[in-house]
Amino acid sequence: MELENIVANTIYIKAKESGCDKDKGRSKKWRKILQFPHINICLPLAEEIEKTFDYIVEQQPIGRRLFWSFCCTAEPVLKTSVEFLDKVLAFSGPGIIELIGSENRDSVLASLNSQAKQSASGNDVTAKTNDPSTGDNSTGAAAATASDAAATALPDGGRGCPSNAPSKELFTACAKSVRSHLSGEPFDRFLDSLFFKRYLQWKWLERQPVTKRTFRMYRVLGKGGFGEVCACQVRSTGKLYACKKLEKKRIKKRGGERLALNEKQILQRANSRFVSAPSPTPAASHLTLQVSLAYAFETKDALCLVLTIMNGGDLKFHIHSMAPNCVSNGPNKGVSYGFDEARARYYAAEITCGLEHLHGMRIVYRDLKPENILIDDVGHVRISDLGLAIELEEGGAAKGKVGTLGYMAPEVVRGERYAFPVDWFGLGCIVFEMLAGRSPFRRRKERVKREEIDRRVREDTEDYSAAGSDGESPFSQSAEAFCRALLAKDPAERLGTASGANELREHDFFRGAINWRRLEAGVEPVPFSPDPHAVYAKDVLDIEQFSTVKGVHLDDKDQDFYSRFNTGAVSIPFQEEIIETECFADLEVYYSASGGLVDSLNPDLPPLSPKKGLFSKLFGGGKWDRRAGASSAASKSVSEA
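In this note's numbering, the protein residues as written are 264 to 904.
Take a look at the structure:
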């Protein structure tokens, strides 16, 4: 049986490695899978989608790329304008000053100021965009306003700016004017260009049905409440994900339809809130604080959520199987004494940021525990499994004993109404376990009834005196005070209740040890970096399998629910995947070698008929259409035409 685990791990590791190499990760037929449809098929989409600058350029990653390409090939002033906006976005990112260093700050500011004046030059823009037949000089006026803003943003050209200058506001007025100009006449021209037609083709591909054949499936990584979680890889792009399978019969038997749909909807909403159009530099990107949904589809037996894969494993695995203070031999073999305080503090800070984002959307997570905190490839942690999360109305509260035994807050156990403070209690449980190597309400390997655990949560004070691996308490004075404040029995007295995450940031446990700007920018060094050649999960055979569900039959009413769940690709993650895996760049082709439009963009050519199989070619009669699609034509770029 050990051989089975070795084989499963080897295949999975090779899949991880192939994901970094587009030539290995993609299917040999990837161009056929992503072949663009004829533009005449896609044109009806133009009447269905939102055609605004805010949606296409500001929210859609591929829309942004295509508009940027249009500007860069249309005229020099538009190219300068979008380059300026990229630099402003990068400059205003959190933690950017720490990233570039104070010694480079002045030169960056001077460069931005120079480009601001150039991009917003009234004469340049007016000469290119004013309409003499109507006498409309609105674009020229906007450009002049932007030029004035650029001239006054940094009167001395950026030299000698104080180190505490409000960097995010230096070019706000100028960037706003440039963006306002681009959203007018240039955007209207974009909607009439080949670039917008290509955008429609991508939107058509985005809307195609998703099935299990879209992916390659690999080893089981763990299990959830309704089924297994396994690794999977998109055949067309080579992108690796985690596939969470929710067994249909198990969902129906437990009445879990609402929970399953709720998790999917919250993940989709979180995607649109947390994930924006790709930034030009890593420094402009905010730290992603939760797992994202990329696809939702169904098979004969299961509903499937395709999520960000976290190759570093979960905190439970690291605390109890890989912690540096885990005993490897002797009578206490396998006993974990948890992480050092610096590592626990780092993870606690990132979880705090994640909860702050959820609470900002009025979402109570309700199931915070080590196994729901996952580590990504770099070493950052993210919140996963939003199956029990709930959205509250303004001033509202939830009720119901929901969560995991030993991690539910006292008010949940007592059956009272509750709100966001229950998540701060869960964070206290995680911090305690990261430091002590055990739950605050259950000793190591202790077998105890559910009722006793609930009683301890309601009544008992946590024990901070238990010795660590060195015989000393694993809790410093500030760490103990932090945990006690989070684990307060009365939610009104709990840390975080009064003013949310800001209360935690100001606590001695974090003060002076966490640079929150750098942390939120994702540039603070991680305490642990996962080995890309390791598998941070239990052996395949050690993951308990689900029993077969008997006596449950699926009917037409169930199919109606499945159709609401089976929505295919999620727009923004799909587009980011296409860009990240370089499929976008490889397919960015508009003209053939002869200089004419590729077939898929040529409105004068009829749409290609599907290729026939060998049997049809031999016996079906008629001629086989051999014309190549856009994705396989020999070609050159727009800028070369």
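Glycine included, every Cβ here is placed at the ideal spot set by N, Cα and C.
query: Continuous alpha helix (DSSP H) stretch holding TYR609: start and end; result: 604-623
query: Opening and closing residue of the alpha helix (DSSP H) in which ARG482 lies; result: Per DSSP, ARG482 belongs to no alpha helix (DSSP H); it is in the beta strand (DSSP E), 478-486.
query: Neighbour-count burial assignment, LEU266, 16 or more Cβ in a 10 Å radius; result: exposed
query: Three-way DSSP call (helix, strand, coil) for ARG517 in this model; result: helix
query: SER647 burial status per 10 Å Cβ neighbour count (16 or more: buried); result: buried
query: Beta-ladder partner(s) of GLY831, from DSSP; result: ALA559
query: Own chain residues within Cβ distance below 7 Å of GLY663, not counting five before or after; result: none
query: As assigned by DSSP and simplified to three states, the class of LYS508; result: strand
query: ALA652 beta carbon less than 9 Å from that of LEU621; result: yes
query: Closest by C-alpha distance to ALA832, when choosing among PHE824, LEU556, LEU522; result: LEU556
query: Selected residue, minimal CA-CA separation from TRP779, among GLU725, CYS616, TRP293; result: CYS616
query: Paired residues, beta bridge with TYR681 - DSSP; result: ALA661
query: Where ASP862 sits in the DSSP three-state scheme; result: helix
query: Beta-carbon spacing of VAL569, ALA523 below 9 Å; result: no
query: Buried/exposed call for ARG706, threshold 16 Cβ in 10 Å; result: exposed
query: Proximity of LEU566 and GLY288 at Cβ, strictly below 9 Å; result: no
query: Beta-carbon contacts of ILE806 that lie in its chain and below 7 Å, excluding the five residues immediately before and after; result: VAL483, GLY485, LYS486
query: Start and end residues, beta strand (DSSP E) containing LEU767; result: Careful: LEU767 lies outside any beta strand (DSSP E), inside the alpha helix (DSSP H) at 764-768.
query: Beta-bridge partners of GLN496, as assigned by DSSP; result: ARG479, LEU503
query: Cβ neighbour criterion (16 or more within 10 Å) applied to GLU714; result: exposed
query: Pair within 9 Å by beta-carbon distance, TYR919 and GLY601; result: With the chain covering only 264 through 904, there is no way to say anything about residue 919.
query: Residues that DSSP places opposite LEU570 in a beta bridge; result: ALA505, LEU556
query: Pick from VAL815, VAL644, PRO324 that is closest to LEU782, judged by C-alpha positions; result: VAL644
query: Alpha helix (DSSP H) segment containing ILE304, residue limits; result: 302-305
query: Straight-line Cα distance separating ILE841 from ILE312; result: 20 Å
query: Whole-angstrom C-beta distance between VAL676 and LEU655, which should lie under 8 Å; result: The pair is not a contact, with the Cβ atoms about 19 Å apart (cut-off 8 Å).
query: Host alpha helix (DSSP H) of LEU457 (start-end); result: 457-469
query: Which of helix, strand or coil DSSP assigns to TYR924; result: No information on residue 924 is available, as it lies outside the stretch 264 to 904 that the chain covers here.
query: Inter-residue Cα distance where the pair is ARG608 and ALA784; result: 17 Å
query: Extent of the continuous beta strand (DSSP E) to which ILE638 belongs; result: 636-638
query: DSSP three-state assignment for ILE274, whether helix, strand or coil; result: helix
query: Nearest-angstrom Cα separation, counted from PRO307 out to LEU767; result: 51 Å
query: Rounded C-alpha distance that separates GLY759 from LEU509; result: 34 Å
query: Length of the line joining the Cα atoms of ARG479 and GLU845; result: 19 Å
query: Residue range of the unbroken alpha helix (DSSP H) whose run includes ILE325; result: 324-337
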